[in-house]
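Structure first, commentary second.
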Amino acid sequence: MPAPHLRTLTAVALVALLAGVTGCSTDAAPASDAASQPRSGGTLTWAIETEPITLNPHLYAQAKARLLVWNTFESLLSYDQQGKLVPWLATGWQTTPDGRSYTVTLRDKVTFSDGTPFDATAVKANIDKLREPGYAPAVAAVQLRNLDTVEVVDARTVRLTLTNPDVLILDFLASPQGAQVSPKSLREAKNLKAGGVDLAGTGPFVLDRYVPGQELHYKRNPGYDWAPPSATHTGPAYLDGITYRFLKESAVRIGALTSGQVQLIEGVPATDQQLITANPRLRLIRQLNSGSAYSYYFNTSRTPFDDLRVRRAFREAVDVDTVLKAVYRDTAVRAWSVISPSSPLYDKRLDGSYGGNAITANALLDQAGWTRRDADGYRVKDGRRLTVRLVQAAPFVRDRRDVLAQAIQAAVKQSAGIDLKISLVDQGTAQEAFDTNQYEVFDNSRADTDAGAALNLLLHSQGGINRTRVNDPRIDQLLDTGQATADPAGRASIYADLQQRVVVDQALLLPLYAPADQIAASTTVGGVRFEPTAGVPASAYDLWIGN
Amino acid sequence: MRQPRLRAVTRRLGTGLVVLWAATSAAYLALLAAPGDTVDAIVGDGADTPQIRAEIITEWALDRPAAVQYLDYLRRLAEGDLGRSYLLQRPVAEVIGEQLTATLTLAVTAAGLGVLLAIALATATAGHRRPWLRRASSGLELVLVSTPTFLIGIVLLTVFSFRLGLFPVAGDQGVAALVLPAVTLALPIAGLLAQILRDALDRALDEPFVLTARSRGTRESAVLLRHALRHALLPTITLAGWLFGTLLGGAVIVEQVFGRPGLGQVTLAAVTGKDMPVVLAVVTLSAAVYVVVNTAADLAYLLVDPRLRRS
Numbered sequence: 002m003p004a005p006h007l008r009t010l011t012a013v014a015l016v017a018l019l020a021g022v023t024g025c026s027t028d029a030a031p032a033s034d035a036a037s038q039p040r041s042g043g044t045l046t047w048a049i050e051t052e053p054i055t056l057n058p059h060l061y062a063q064a065k066a067r068l069l070v071w072n073t074f075e076s077l078l079s080y081d082q083q084g085k086l087v088p089w090l091a092t093g094w095q096t097t098p099d100g101r102s103y104t105v106t107l108r109d110k111v112t113f114s115d116g117t118p119f120d121a122t123a124v125k126a127n128i129d130k131l132r133e134p135g136y137a138p139a140v141a142a143v144q145l146r147n148l149d150t151v152e153v154v155d156a157r158t159v160r161l162t163l164t165n166p167d168v169l170i171l172d173f174l175a176s177p178q179g180a181q182v183s184p185k186s187l188r189e190a191k192n193l194k195a196g197g198v199d200l201a202g203t204g205p206f207v208l209d210r211y212v213p214g215q216e217l218h219y220k221r222n223p224g225y226d227w228a229p230p231s232a233t234h235t236g237p238a239y240l241d242g243i244t245y246r247f248l249k250e251s252a253v254r255i256g257a258l259t260s261g262q263v264q265l266i267e268g269v270p271a272t273d274q275q276l277i278t279a280n281p282r283l284r285l286i287r288q289l290n291s292g293s294a295y296s297y298y299f300n301t302s303r304t305p306f307d308d309l310r311v312r313r314a315f316r317e318a319v320d321v322d323t324v325l326k327a328v329y330r331d332t333a334v335r336a337w338s339v340i341s342p343s344s345p346l347y348d349k350r351l352d353g354s355y356g357g358n359a360i361t362a363n364a365l366l367d368q369a370g371w372t373r374r375d376a377d378g379y380r381v382k383d384g385r386r387l388t389v390r391l392v393q394a395a396p397f398v399r400d401r402r403d404v405l406a407q408a409i410q411a412a413v414k415q416s417a418g419i420d421l422k423i424s425l426v427d428q429g430t431a432q433e434a435f436d437t438n439q440y441e442v443f444d445n446s447r448a449d450t451d452a453g454a455a456l457n458l459l460l461h462s463q464g465g466i467n468r469t470r471v472n473d474p475r476i477d478q479l480l481d482t483g484q485a486t487a488d489p490a491g492r493a494s495i496y497a498d499l500q501q502r503v504v505v506d507q508a509l510l511l512p513l514y515a516p517a518d519q520i521a522a523s524t525t526v527g528g529v530r531f532e533p534t535a536g537v538p539a540s541a542y543d544l545w546i547g548n
Numbered sequence: 033m034r035q036p037r038l039r040a041v042t043r044r045l046g047t048g049l050v051v052l053w054a055a056t057s058a059a060y061l062a063l064l065a066a067p068g069d070t071v072d073a074i075v076g077d078g079a080d081t082p083q084i085r086a087e088i089i090t091e092w093a094l095d096r097p098a099a100v101q102y103l104d105y106l107r108r109l110a111e112g113d114l115g116r117s118y119l120l121q122r123p124v125a126e127v128i129g130e131q132l133t134a135t136l137t138l139a140v141t142a143a144g145l146g147v148l149l150a151i152a153l154a155t156a157t158a159g160h161r162r163p164w165l166r167r168a169s170s171g172l173e174l175v176l177v178s179t180p181t182f183l184i185g186i187v188l189l190t191v192f193s194f195r196l197g198l199f200p201v202a203g204d205q206g207v208a209a210l211v212l213p214a215v216t217l218a219l220p221i222a223g224l225l226a227q228i229l230r231d232a233l234d235r236a237l238d239e240p241f242v243l244t245a246r247s248r249g250t251r252e253s254a255v256l257l258r259h260a261l262r263h264a265l266l267p268t269i270t271l272a273g274w275l276f277g278t279l280l281g282g283a284v285i286v287e288q289v290f291g292r293p294g295l296g297q298v299t300l301a302a303v304t305g306k307d308m309p310v311v312l313a314v315v316t317l318s319a320a321v322y323v324v325v326n327t328a329a330d331l332a333y334l335l336v337d338p339r340l341r342r343s
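From first to last, the protein sequence lines are chains A and B. Residue 485 in my numbering is what sits at position 484 of the first sequence, and the numbering runs on without skipping anything. Residue 87 in my numbering is what sits at position 55 of the second sequence, and the numbering runs on without skipping anything.
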């Protein structure tokens with residue numbers, strides 16, 4: 002895949018033509034704040050980086066598609082600005098003391114855009130569909146793992162019965178996978194798995210045109226009147242319509258924005274942020290994602306990371322602040338834990354608790370027996386060099402993580418004599434390395450709204466991407482209790498214990514930075530915001546065009 | 033008379049089918065040999081449990097031996113069934129069908145532009161007239177051939193779309209949105225074709241028949257266009273297959289840069305995601321077009337060169 006090469010060329014082309022682009026923008030009208038009062042009407046064009054694989058919310062798997070999903074579809078619950086669960090299409094929920102039964106009451110007078118009324122039967126139809134074999138196996142096997150039965154109590158009440166207490170079921174009810182699709186669409190859509198214009202939802206917009214490879218167009222749903230509490234207004238959306246264009250190259254997105262061909266873009270690389278902030282007609286807003294921080298996970302099943310001292314030494318060998326500054330020019334937020342600092346479950350005590358001490362790193366490696374050095378300056382033990390392999394799958398490398406890896410490679414070599422070998426390979430090759438245990442470092446970040454969901458995958462001995470290969474009964478127990486505990490304070494304390502165990506005691510990973518999303522917009526556009534908790538761009542519901 | 037010609041056509045068709053089969057089989061083997069297994073590719077970065085794996089294996093019938101799957105694929109291909117995309121969960125024929133027109137429009141426009149530009153450059157600079165123009169032109173051609181398509185696209189966009197606002201960044205704005213991508217794709221083609229065509233023109237202009245034409249008092253432009261060009265087009269036509277390959281490869285990049293729909297985007301996503309049914313269909317389709325283009329090139333030879341018609 003030629004992508005990294007293309008990026009470099011983008012930079013070259015942009016630098017060469019920078020003067021021209023910015024010069025062009027200054028002769029237009031003077032900077033005005035986003036017009037002061039929200040008003041109705043008009044259409045916007047938004048250039049986005051990723052074309053969704055599917056437009057069916059049940060099969061949603063790309064964080065970058067959330068801003069599209071919530072235009073047409075809505076869930077029973079949502080998160081408010083404080084990360085607390087709040088009702089959306091539901092009016093409330095109650096759970097029994099044993100945590101095995103959830104009774105959800107539903108809003109009245111909500112209709113799907115195809116005219117089908119939204120009621121308890123519709124909710125049941127959605128969950129039944131999700132559990133149908135071959136439809137959404139990932140959702141059925143993970144989020145609905147503990148769901149036993151769904152029961153229509155009356156038109157406005159649904160009861161979910163669980164086999165085990167599981168508070169993450171609420172996160173499912175607030176997720177795109179739990180979004181409500183018109184039962185009529187579920188039966189009749191021409192291509193249900195791909196989604197598209199014949200899938201009706203209850204959202205503020207209706208998808209009326211999809212040109213694959215090119216754009217999506219939404220028009221306002223005039224009867225909409227059930228906005229979530231996190232929104233800044235009620236009633237129908239301000240915009241008459243909005244077009245999302247797929248522009249995969251960041252240089253092209255930025256050029257389209259500076260020349261006024263589009264009014265909003267997302268995905269602004271750190272190297273290009275200056276272009277936006279220097280332009281008075283544009284503004285840049287950023288928000289940290291929730292879920293797990295971008296981290297290097299150490300494979301504990303193999304030498305040398307089966308030795309806690311070596312894992313600690315690797316962390317001490319990297320001055321993370323300096324590395325981030327070099328690669329991201331002060332735009333990255335350092336992470337101290339496996340959980341993103343924006344998550345309500347993040348344990349602040351971890352701030353500054355380790356790392357960046359080369360003397361400690363060298364002492365630890367000496368203790369672990371890696372005392373000798375070879376001609377190239379790398380540490381050696383029993384004739385073997387202290388080599389660790391980082392395998393990166395090219396399709397998942399974003400935010401210049403390949404460059405970051407090179408900076409860390411240089412740091413660990415210089416300060417402690419560790420040989421970090423990086424291979425940037427296709428997805429199949431990477432998967433093979435993981436399956437055959439031919440790696441020592443695994444890099445990952447996840448944008449789940451509830452960090453517990455990410456940690457179950459990453460750290461549980463049965464987790465789907467447990468590539469530290471850790472098998473620690475204490476960690477499993479903390480994860481299981483965290484999933485079964487409803488009380489927020491209790492949950493926070495369980496996940497704090499977990500972070501102490503994983504990050505401080507076991508040094509299973511090196512947290513690097515908290516991934517963020519960016520939106521650059523013309524100053525004439527108002528209501529630009531991010532989804533609370535998830536930290537990704539919100540739907541177009543609150544957007545408006547100023548004068 | 034009819035009999036041998038019919039046999040020749042049949043033989044050509046047979047060869048075409050063999051080429052198609054070979055291309056598809058080679059792609060099948062390559063995908064099979066590529067690291068990582070198909071279930072991993074379908075699971076991607078999503079949730080991964082034994083239950084999900086079992087369902088995927090059942091849904092796509094991946095538990096049968098590779099040879100059986102291969103024969104089954106060939107059988108379905110013969111029936112015109114291209115299968116279903118692993119990633120997009122839709123029929124491949126539908127996925128490719130909705131992108132094909134966009135790519136064809138781009139490729140045909142670019143090929144036309146490229147050939148016209150090459151002919152203009154070559155005829156203006158062939159022979160031994162205007163050596164400065166000739167030097168300038170070959171310099172420009174060299175630059176066009178050696179500049180990555182991606183960079184040409186970004187530069188054209190920056191100047192003509194972002195600064196001058198003459199053309200949109202693709203979109204559904206019709207012909208206006210086609211100009212920049214087509215020019216981007218046409219320039220490297222024109223660069224190489226012009227060099228080959230100029231060489232061929234130079235050689236043709238040294239042939240005795242040109243001397244004969246000149247001695248009859250034919251104007252120089254007529255000598256060039258009516259006599260020498262016809263002669264010089266032969267090696268250019270031979271490049272038709274290459275031209276097609278360049279267009280398909282270039283379309284991947286051009287569609288990416290300009291945010292245009294098309295086969296390029298689909299192919300790129302399918303290759304990186306190891307979406308076998310889509311990759312195989314694109315390979316088969318490319319081979320089919322290649323066969324058609326080369327057959328057409330052979331026929332074009334007959335039109336351009338009367339000597340071949342007699343034999």
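Cβ coordinates follow ideal geometry from the N, Cα and C atoms, glycine included.
Separation of residue j from residue i, as counted between CA atoms
i: residue 113 (chain B); j: residue 105 (chain B); result: 9 angstroms
i: residue 453 (chain A); j: residue 119 (chain B); result: 27 angstroms
i: residue 287 (chain B); j: residue 416 (chain A); result: 45 angstroms
i: residue 306 (chain B); j: residue 313 (chain B); result: 13 angstroms
i: residue 188 (chain B); j: residue 129 (chain B); result: 29 angstroms
i: residue 216 (chain B); j: residue 210 (chain B); result: 10 angstroms
i: residue 70 (chain B); j: residue 303 (chain B); result: 12 angstroms
i: residue 521 (chain A); j: residue 462 (chain A); result: 41 angstroms
i: residue 271 (chain B); j: residue 199 (chain B); result: 31 angstroms
i: residue 489 (chain A); j: residue 228 (chain A); result: 25 angstroms
Neighbourhood of residue i by C-beta distance below 8 angstroms, restricted to the same chain and skipping five residues each side
i: residue 186 (chain B); result: 289
i: residue 63 (chain B); result: 306, 308, 311 and 312
Whole-angstrom C-beta distance between residue j and residue i, which should lie under 8 angstroms
i: residue 511 (chain A); j: residue 503 (chain A); result: Their Cβ separation, rounded to whole angstroms, is 12 angstroms, which puts residue 511 (chain A) and residue 503 (chain A) out of contact at 8 angstroms.
i: residue 146 (chain B); j: residue 221 (chain B); result: 3 angstroms
i: residue 44 (chain A); j: residue 240 (chain A); result: 6 angstroms
i: residue 182 (chain A); j: residue 127 (chain A); result: 6 angstroms
i: residue 166 (chain A); j: residue 485 (chain A); result: 4 angstroms
i: residue 480 (chain A); j: residue 457 (chain A); result: 6 angstroms
i: residue 347 (chain A); j: residue 341 (chain A); result: 7 angstroms
i: residue 440 (chain A); j: residue 390 (chain A); result: 5 angstroms
Sub-7 angstroms separation of residue i and residue j beta-carbons
i: residue 151 (chain A); j: residue 161 (chain A); result: yes
i: residue 246 (chain A); j: residue 216 (chain A); result: yes
i: residue 73 (chain A); j: residue 242 (chain A); result: no
i: residue 356 (chain A); j: residue 418 (chain A); result: no
i: residue 421 (chain A); j: residue 393 (chain A); result: no
i: residue 328 (chain B); j: residue 226 (chain B); result: no
i: residue 271 (chain A); j: residue 330 (chain A); result: yes
i: residue 175 (chain A); j: residue 76 (chain A); result: yes
Delimiting residues of the alpha helix (DSSP H) encompassing residue i
i: residue 446 (chain A); result: Per DSSP, residue 446 (chain A) belongs to no alpha helix (DSSP H); it is in the beta strand (DSSP E), 442 to 447.
i: residue 182 (chain B); result: 181 to 188
i: residue 474 (chain A); result: 474 to 485
i: residue 271 (chain A); result: Counting along the chain, residue 271 (chain A) falls outside any alpha helix (DSSP H), and DSSP gives it neither H nor E.
i: residue 416 (chain A); result: 402 to 417
Segment limits, beta strand (DSSP E) that includes residue i
i: residue 194 (chain A); result: Where residue 194 (chain A) is concerned, there is no enclosing beta strand (DSSP E), given that its DSSP letter is neither H nor E.
i: residue 242 (chain A); result: 242 to 247
i: residue 307 (chain A); result: Counting along the chain, residue 307 (chain A) falls outside any beta strand (DSSP E), and DSSP gives it neither H nor E.
Nonlocal neighbours in the same chain, by C-beta distance under 7 angstroms from residue i, ignoring five residues either side
i: residue 27 (chain A); result: Any reading at residue 27 (chain A) must be qualified, since the residue scores a pLDDT of 30, below 50, and its modelled position is unreliable; the value itself is stated next. So no residue of the chain qualifies.
i: residue 53 (chain A); result: 63, 66 and 69
Beta-carbon neighbours of residue i, restricted to chain C and to distances below 9 angstroms
i: residue 259 (chain A); result: This model lacks chain C altogether, as its protein chains are A and B.
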